[in-house]
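Residue numbers (this note's numbering): -1 to 389.
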Amino acid sequence: MSAPDAPLSGDGRGGGWGDGTRSVRAGDAPPVPGTPLRPSPVFAAPFHLGDLPPRAQGADAYARTEHPTLRAFEEAVGQLDRGRSLAFATGMAAVAAVLMACASAGDRVVLPSDGYYATRLLAADELARLGMRVQYVPTTGIEQVAARGDLDGARLVLLETPSNPQLDVCDLAAVARAARAGGAVLAVDNTTATPLGQRPLELGAHVTIGSDTKALTGHSDLLLGHVSTGDDELYARIQAWRNHTGGTPGPFEAWLGHRSMSTLDLRLARQAQNAAAVADLLAGHPAVRSVRWPWRPGDPSFALASRQMLRPNGVVSAELASVDAVRRMTAASRLWDAATSFGGAHSTVDRRAQWGGDAVPAGFVRFSCGIEDTADLVADLTVGLDAALAA
Ligand SMILES: Cc1ncc(COP(=O)(O)O)c(C=O)c1O
């Protein structure tokens, strides 16, 4: 397992490398002549055991616990997060592992009221049933709650910044100080930012979580998630949870995840470039009531995002006048596919009220800017927005 600042290639040369190099090299094994640059997946559920105890001398025994392809993916993600990583079959399996492994009956758990809606469903249907007390705080209100001392006594605080889908940002370091002073575990859902966009562990969080279904792997073709931490006790607890409940990714997903990560820096750069152009277009178009992109000067999240985050990404939110306006926009556009999720190579739009879980207006849309050409995306979206206006 990598220590937080472990060299990337295992040869002691990689400490100061940039995002592009880190994306490609994270998790690489030392170069051994005759071995592939990126090992192939090892397809096995059980491994030969003989009469040794399981995991004797590091030998693999059964893949639900760990397997070589998983270790390589976890090593890579952990190097980007600057912690030790545990991969999960989905982002929700990772979120659930943190919530369920770190809190118990009677504990108070603080969640964002405006975060990913499936996390709130998990809390409402499962955490409450198991006797945890769930307190919801909006992302923009958590610093005030922390400053008042109201996080004291909470067992676990989960933040999501930027929040999905409204892209609000909160001050991680300030909340981390308060959470730690009050004895809470601070977890951050870092899905929107990705490990290259924000390093919650360095800002004081105990745990960072990612839905790697999104930009980390970025091709809209697999489900994955992860948890990273620098805390050995939390690592052991979350690992035990995964062993007991079995949310371990199989070798093909782990391999595909590691392979896809190699282009993370490139994809994020193009997505951010596209998002800047799309946010400008949306802001100037009469079909659009409001736009959110944390890296756009004037956005309510701009100052904090610029200070706290390492780089922008491709997720933009905007409000159109109505459901029909959104329908006309997607019908007229050829490049903006209506689909949920975000962070992929394809540009997509998701009218969030369609899902019923977010407190957003009917015409609220999350745009996920892909890696197509900026000029093409802007021209095509202009056609869509003009159509949205033509009632
Ligand atoms: C912020 C956030 N966290 C967690 C998840 C859950 O991830 P998955 O769909 O991989 O389970 C999502 C999915 O959209 C998300 O947006």
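C-beta atoms are modelled at their ideal positions from N, C-alpha and C, and glycine is treated no differently.
Endpoints, the beta strand (DSSP E) within which residue i is located
| i | result |
| --- | --- |
| PRO298 | Here PRO298 belongs to no beta strand (DSSP E), and DSSP marks it neither H nor E. |
Residues bridged to residue i [DSSP beta-bridge criterion]
| i | result |
| --- | --- |
| LEU154 | VAL107, VAL183 |
| VAL205 | ALA185, THR227 |
| ARG131 | ARG106 |
| PRO44 | TYR60 |
| PRO364 | Here residue 364 turns out to be Arg, not Pro, going by the sequence shown. Beta-bridge pairing links ARG364 to SER315, ASP348. |
| GLY83 | Reading the sequence as shown, one finds Ser at residue 83 and not Gly. SER83 is bridged to SER226. |
| ARG290 | SER315 |
| ALA336 | VAL347 |
Close beta carbons around residue i, own chain, < 6 Å, minus the five adjacent residues each side
| i | result |
| --- | --- |
| GLY113 | GLU158, SER161 |
| GLY89 | SER209, THR211, GLY223 |
| THR138 | ASP166 |
| LEU156 | LEU109, ALA185 |
| THR253 | In the sequence under discussion, the amino acid at residue 253 is Trp, which differs from the Thr named in the question. PRO39, THR67, listed in sequence order. |
| THR192 | ALA213, LEU214 |
| VAL376 | ALA275, LEU279 |
| THR189 | GLY208, SER209, LYS212 |
| ILE140 | CYS168, VAL173 |
| SER83 | GLU72, VAL75, GLY76, HIS224, SER226 |
| ASP187 | GLU158, ILE207 |
| THR346 | ASP335, ALA337, SER366 |
Residue i: first and last residue of the uninterrupted alpha helix (DSSP H) it sits in
| i | result |
| --- | --- |
| PHE71 | 66 to 79 |
| ALA330 | 321 to 330 |
| MET98 | 89 to 100 |
| VAL381 | 372 to 387 |
| LEU120 | 115 to 120 |
| ILE140 | 140 to 145 |
| TRP253 | 249 to 259 |
| GLN269 | 262 to 282 |
| GLY18 | 17 to 23 |
Cβ neighbours of residue i in the same chain (closer than 7 Å, five flanking residues each side left out)
| i | result |
| --- | --- |
| HIS283 | LEU383 |
| GLY361 | GLU317, LEU318, ALA319, SER320, VAL321, ALA323, VAL324 |
| PHE250 | PRO39 |
| GLN271 | THR372 |
| LEU379 | VAL276, LEU279, SER331, TRP334 |
| GLY104 | GLY129 |
| VAL381 | ALA330, SER331 |
| ALA174 | LEU184, LEU201, GLY202, ALA203 |
| ASP356 | TYR115, PRO163, ARG350 |
| ALA182 | LEU149, ALA152, ARG153, LEU154, VAL155 |
| SER111 | TYR134, VAL135, PRO136 |
| ILE369 | ARG265, ARG268, GLN269, ALA343 |
Integer Cβ distance of residue i from residue j, believed to fall under 8 Å
| i | j | result |
| --- | --- | --- |
| GLY216 | GLY76 | Not quite, the Cβ-Cβ distance comes to about 19 Å (not below 8 Å), so this is no contact. |
| ARG401 | ASP79 | Missing from the structure shown is residue 401; the chain here goes from -1 to 389 and no further. |
| LEU154 | LEU201 | Not a contact, Cβ separation roughly 17 Å. |
| ARG240 | ALA95 | 6 Å |
| SER218 | HIS65 | Not quite, the Cβ-Cβ distance comes to about 25 Å (not below 8 Å), so this is no contact. |
| VAL363 | ASP348 | 7 Å |
| LEU47 | ALA61 | Not quite, the Cβ-Cβ distance comes to about 13 Å (not below 8 Å), so this is no contact. |
| ALA99 | ILE236 | 5 Å |
| ALA386 | ARG326 | 5 Å |
| ALA70 | PRO37 | 6 Å |
| GLN269 | GLY312 | 3 Å |
| VAL143 | THR117 | Not confirmed; about 18 Å, so no contact. |
Own chain, CB closer than 8 Å to residue i, minus 5 neighbours either side, in chain order
| i | result |
| --- | --- |
| ALA274 | TRP291, TRP293, ARG294, PRO310 |
| GLY81 | PRO2, LEU199, THR206, SER226, THR227, GLY228 |
| ALA145 | ALA172, ALA176 |
| SER21 | LEU78, LEU194, MET259, SER260, THR261, LEU262, ASP263, LEU264 |
| SER315 | PRO163, GLN164, LEU165, VAL289, ARG290, TRP291, PHE362, VAL363, ARG364, PHE365 |
| TRP353 | TYR115, THR338 |
| ALA122 | VAL132 |
| ALA42 | ASP58, ALA61, HIS65, PRO249 |
| ASP9 | Its pLDDT being 35, under 50, ASP9 is placed unreliably by the model, and nothing is read from it. |
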